[in-house]
Structure formats: structure tokens, C-alpha cells
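Novice:
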Amino acid sequence: MNLNPGLHRKRTALPAAALALLTLPLAAQAQVFGSLSNFDAVNDTGHEAHGFEIEIEDSSYDRSKIYSVFGLDRNFGVPPTSVERYGAPVITEIAGFGVRVRYAASFLNGAWSVGTPTGPYPFAGDSCWPLGNPQYNSGTLSCDHFGIATYGTPAKVNYNWLIDPGNTGTLSLQQAAIPVVQFAYQAPVPGPMPAVRPVVAEIEAHKAENEVFGTPFWVKIYSKHVGHNVMVEDLMKGHEDVPGEAEVEAEYEVFQAGEANGNKLLNLALNPEDAAVVLRYEFYKYQGVLSADGEALCGGKGRGKSGGGGGGGLGPADCGGLGVYVGAQMAALNAVQPELAVAVPEPETYALLLAGLGLVGLRVRQARQEG
């Protein structure tokens, strides 16, 4: 190979740390998964809302871990910021806390520019997205649409309507009824793909500090496995990636904060050919019997669409029927993010890598001079 023996010996004497830097894997984050949430929320606060806030309560999250926000960066054939009645949301990083994504109207001359009315939504289960419902821009629908996609799953996410009952020009928070869906997923280690990869989806139940049980709901869940990554704009009812009526994962079940009906866990498994799993949740208020401390007594896991049935539990038809529609949550997990297929090292990594390469170059030059 016409390689100078002395030079070869010098090269093999390089510090192990420098050699390790040369083989540093630049795609170390390629297995990071992404959680997507795109949802219709009905304003049942009793007040006209003038905005909405998605709060990521996780100090490890900043703007860089949010890769898509509905109404900000996705093109539907019109300017991305024109598809939401509140226009483009504002993303604020809060050191030591996390990130807030805030959709809000403007206040001028004693009046808010736009709002979401309060009251029942007459098209239960159907989209209230601006380009999916022609009545959206009429300003009469009590439903609005928001969405966000993150790398990984934040520790906690909160949804709040922004209201101003006294028309003071200052918005306050009121928790939205639509629940958050959190994913747990363990990325596979390098090597042969396992037969299945476990995914756990959890609906987060909330209650006030002085409550034993939170507000009860009926929830129905649909699921679909797809062979490609999905995007926020795909998560609309009627899209080919979103499960339809024939893809029911769980019939109506009671969902309520508290020991008895706690958070709903859904255990799924990604097959080798799956790139993502998409879930659709429909939520309705429970209007059956309650205990003195607010526990939904007519619960269980109803297996029949009309209630009752094979599971031994009672469904909505046995418990006063479905209450008012709260909204729909379209959630998805992308097992591997294509944006991270070639991950960029942190600045500190670049510095170490350049230092290591500089050391290698110096030792090579010294070896040549000695040879």
C-alpha cells in the first residue's frame, strides 16, 4: 500500500478520545419519535372565548422541539396563517417551565376582534376546521380547531380557552373540556426490527384540587395503522390516514378523573410495516347517575354501540344517553421522525469533533516531518 511504516505507527498511537470522535454517530437522534395532536374543541365555558392556549409544562421543551403548529406553518392551498380565525399563534419559551402556544384575538377600542361563541355544537363528530366546515367563518359555531406536533412526548400538556367575561381587555384561562392524549413509546435499539413495538396512549383526566372526581365523559376510540409518517394537516376527519367508523378500537366508556374511572390507557403495537398509529377520540358529557362526591356510577366498559352488550358494562343508552358533544381529538405517533434522519450535533459536539480532527491533523503532520 506504499504506506510509510513510521507514519503508520504514529497514526495508531493517536489518543483513543480523538479516534472515538472520528466515529461519532451524527444520526444519534434518528430514533426520536413524534407526537401529533390536532383537535376540535367545543367552547362550553359559558363565555365567548377570544383565544386558546396550548401549554407544554416540561422544562426540557423549547421552540426547537415543536416542529409543526396548526395555523402557523402548514400550507393548505392558502396562507397557513389564514386557516384559523385567530390568525398565527405566538410561541413563547419560558425558562424552567416549557412553552406556550397562544392563539388570541386583538383588543381595540373596547372590543375584541374575533371570538368563539359558547354553547352546544350542532354537528357532533364533524370537523369544525375552517376549510372543513363552511359555517366556520360565519362566527356562529361554538367549536374551534387547533393542533401541535412535538418531538417526543412532553411531561404535561394543558388546554385552556382564553376568556374575558368583563370585557376588560385582559384574557384569563379556563380549562378546556377536550382532554390531552399522551403517548409512551420505546424506540427500537439498532438491529433487526422486532415483530411488534409497543405503544401506549393515555387520555389525561383532570380535576380541580377540591374535587374527588372530575367531570365525567363518554369516550369512543378509533385507531388505524399506516405505513408512512403523518403530518398535522393529515389529522382531519375524512382524511385517508384518520380511522373511520369501521375502525373502532373501543366503544363508549366512561372517562373521569378519580380512582374508579381514571385515565384511559390504550395498549397498541406497531407492526414491522407500520410507521405510525393514528387515533381518533370522540368525547361527550356523561349525564347518568352520580354519587354524592361526583363519581359516575353508570360506568364500566360498554361493548355494544347502543350500550350494554358483551362486556357486562353499561353504555350510554343505559345511562341517560350521550350528553353534549365536547370535541374530537385526532392524535398520532410517528415512530421515527424523517426530519431527524440526519441529526445535527449540538454546538459542543461540533467543538469536540473539530478539536479531535485538529489533533489528528497535527499528529499526521508531525509524523510526516519525522518520516
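For the sequence shown, our numbering begins at 65 and goes up steadily by one. Glycine included, C-beta positions come from ideal geometry on N, C-alpha and C.
Cβ of A272 within 8 angstroms of any heavy atom in the ligand GDP?
Specialist: Judged by which ligands are present, the structure shown has none, so any question about the ligand GDP falls away.
Novice: Look at the Cβ atom of A269, then the Cβ atom of Q320, and state whether they are nearer than 9 angstroms.
Specialist: Taking the first residue of the sequence shown as 1, we reach residue 269 at position 205. Taking the first residue of the sequence shown as 1, we reach residue 320 at position 256. Result yes, Cβ atoms of A269 and Q320 sit closer than 9 angstroms.
Novice: Just to confirm my understanding: we take G115, look at its own chain, exclude 5 residues before and 5 after, and list those with CB closer than 7 angstroms. What are they?
Specialist: By one-based count along the sequence shown, residue 115 stands at place 51. Closer than 7 angstroms at Cβ, skipping near neighbours: Y150, R166, Y167, A168, A169, L226 and L235.
Novice: Measuring CB to CB, does A105 end up less than 9 angstroms from A314?
Specialist: In the sequence shown, residue 105 corresponds to position 41, counting from 1. In the sequence shown, residue 314 corresponds to position 250, counting from 1. Result no, Cβ atoms of A105 and A314 do not sit closer than 9 angstroms.
Novice: Taking three-plus beta-carbon pairs below 8 angstroms as touching, is the segment 377 to 384 in contact with the segment 296 to 314?
Specialist: no
Novice: Within 10 Å of its beta-carbon, does T145 have 16 or more other beta-carbons around it, so buried, or fewer, so exposed?
Specialist: Translated into positions along the sequence shown, residue 145 becomes position 81. When all chains shown are included, T145 counts as exposed.
Novice: Go ahead and pull the three-state DSSP assignment for T182.
Specialist: Translated into the one-based positions of the sequence shown, residue 182 becomes position 118. Three-state DSSP puts T182 in coil, outside helix and strand.
Novice: Helix or strand or just coil, what does DSSP make of D298?
Specialist: Walking along the sequence shown from the start, residue 298 turns up at place 234. Residue state, collapsed to three classes: helix.
Novice: If you follow the beta strand (DSSP E) that D208 is part of, which residue opens it and which one closes it?
Specialist: One-based indexing of the sequence shown puts residue 208 at position 144. Here the beta strand (DSSP E) through D208 covers C207 to Y215.
Novice: Looking at the structure shown, is T234 part of a helix, part of a strand, or coil, going by DSSP?
Specialist: Indexing the sequence shown from 1 puts residue 234 at position 170. The answer is coil: DSSP assigns T234 none of H, G, I, E or B.
Novice: So, is K328 buried or exposed, given that buried needs 16 or more other C-beta atoms within 10 angstroms?
Specialist: As a first step, residue 328 must be located in the sequence shown, where it is residue number 264. Here K328 is buried: its Cβ has 16 or more other Cβ atoms, across all protein chains shown, within 10 Å.
Novice: On the DSSP bridge assignment, give the partners of D104 in chain order.
Specialist: As a working mapping, residue 104 is identified with position 40 in the sequence shown. Partner(s): H209.
Novice: What does a CB cutoff of less than 6 angstroms around G141 pick up in its chain, not counting 5 residues either side in sequence?
Specialist: Locating residue 141 in the sequence shown gives position 77, counting from the first residue. Around G141: no qualifying Cβ.
Novice: Identify the continuous beta strand (DSSP E) that holds R164 and give its terminal residues.
Specialist: Within the sequence shown, the letter at position 100 stands for residue 164. Segment G162 to A168, the beta strand (DSSP E) holding R164.
Novice: If we count the other Cβ atoms within 10 Å of its Cβ and call it buried at 16 or more, is H292 buried or exposed?
Specialist: Counting from one through the sequence shown, the residue named residue 292 turns up at place 228. That one is exposed.
Novice: Any idea what DSSP makes of T156, helix, strand or coil?
Specialist: Mapped onto the sequence shown, residue 156 falls at position 92. The answer is strand: DSSP assigns T156 an E or B state.
Novice: Excluding sequence positions up to five away, which residues of its chain have a Cβ less than 8 angstroms from the Cβ of V57?
Specialist: Summary: the structure shown does not reach residue 57, with the chain confined to residues 65 through 435, and so no result is reported for it.
Novice: How far does the beta strand (DSSP E) with A392 in it reach, from first residue to last?
Specialist: Counted from its first residue, the sequence shown places residue 392 at position 328. First-last of the beta strand (DSSP E) with A392: L386 to N398.
Novice: Report buried or exposed for A333, applying the criterion of at least 16 other Cβ atoms within 10 angstroms of its Cβ.
Specialist: Numbered from its first residue, the sequence shown carries residue 333 at position 269. By the neighbour-count rule (16 or more Cβ atoms within 10 Å), A333 is not buried but exposed.
Novice: If we ignore side chains and look at the alpha-carbon of each, how far apart do I285 and E309 end up?
Specialist: Counting from one through the sequence shown, the residue named residue 285 turns up at place 221. Counting from one through the sequence shown, the residue named residue 309 turns up at place 245. Using only the alpha carbons, I get a separation of about 10 angstroms.
Novice: Give the secondary structure of R261 by DSSP, where H, G and I count as helix, E and B as strand, and everything else as coil.
Specialist: Reading the sequence shown from its first residue, position 197 is the one you call residue 261. Three-state DSSP puts R261 in a strand.
Novice: Measuring straight from C-alpha to C-alpha, what distance separates K288 and Q239?
Specialist: Here the question's residue 288 lines up with position 224 in the sequence shown. Here the question's residue 239 lines up with position 175 in the sequence shown. Cα to Cα, the separation comes out at about 29 angstroms.
Novice: Where do the N-terminal and C-terminal ends of the beta strand (DSSP E) with R127 fall, by residue?
Specialist: In the sequence shown, the residue the question calls residue 127 occupies position 63. Careful: R127 lies outside any beta strand (DSSP E) and carries neither H nor E.
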